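FYI, the numbering used here numbers position 35 of the sequence shown as 46, with every residue one higher than the one before it. Backbone N, C-alpha and C define an ideal beta-carbon position, used for all residues, glycine too. Everything numeric in this text was worked out from a predicted model, so none of it was measured. These notes concern the structure reproduced below.
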Amino acid sequence: HRGRIGGETLPERVNVEAFPPCIRRIFEAVLAGRKASHMERFTLVSFLLNAGMSIEETTELFTSISDFDPEMTRYQVEHIAGLRGSRTRYRPPNCDTLRTHGICQNPDNLCGRVRNPITYYIIKARRGRRRKP
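Right, here's the structure in full:
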């Protein structure tokens, strides 16, 4: 599902360097095998799918978590992607919701100018493309 969100073109490859602080924190914790809350998992998965990561890549991230269940994880990722259940493709929660759930921690200057982690990602990725020769 790489392409466009809100009229903005997404980077060709998922750019971890452009992740907002909240997403980067959850992403790094999951990679390190630390458990994440349900809301953190939902936020991370919906963000990654909307940023263009595949269902397979997203599911693979959770393999190091002690409670990893391949079938359940794939089902949940596919549900968030809109392929199962309600067939609704979910976007990541807005920043206000992330603050309410304690997920927004250590926001940077750009965080104060956006309302959704995907908007942050698009802006930061665009800045990164401009800096490359």
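Expected contact under 8 angstroms - CB spacing of residue i and residue j to nearest Å
i	j	result
A29	Y132	5 angstroms
I129	F58	7 angstroms
K46	I91	Contact flag wrong, Cβ pair sits at about 18 angstroms.
N61	G139	The Cβ separation is near 18 angstroms, so there is no contact.
Nearest candidate by alpha-carbon position, reference residue i, set the options
i	options	result
R36	E51, V125 and F79	E51
Q87	D107, T108, Q116 and F53	F53
F73	R95, A62, A40 and D107	A40
R24	L109, E68 and C33	E68
D107	C122, G96 and S97	C122
Extent of the continuous alpha helix (DSSP H) to which residue i belongs
i	result
A40	P32 to L42
C106	C106 to T111
R52	H49 to A62
R100	Unbroken run through R100: none, as it is neither H nor E.
T74	Per DSSP, T74 belongs to no alpha helix (DSSP H) and is neither H nor E.
E28	Note, E28: premise wrong, no alpha helix (DSSP H); not H, not E.
Rounded separation between residue i and residue j - CA only
i	j	result
H49	I66	18 angstroms
P103	A136	17 angstroms
D119	F79	32 angstroms
R124	I134	10 angstroms
N117	C33	8 angstroms
T84	I114	21 angstroms
S97	L109	23 angstroms
E89	N105	21 angstroms
Cβ-based burial, residue i [other Cβ within 10 Å; buried from 16]
i	result
A43	exposed
N127	buried
P31	buried
T70	buried
T99	exposed
L94	exposed
G18	Residue confidence is low: G18 scores 49 on pLDDT, short of 50, so the model does not pin down where it sits. No coordinate-derived value is stated.
T111	exposed
V56	buried
M64	buried
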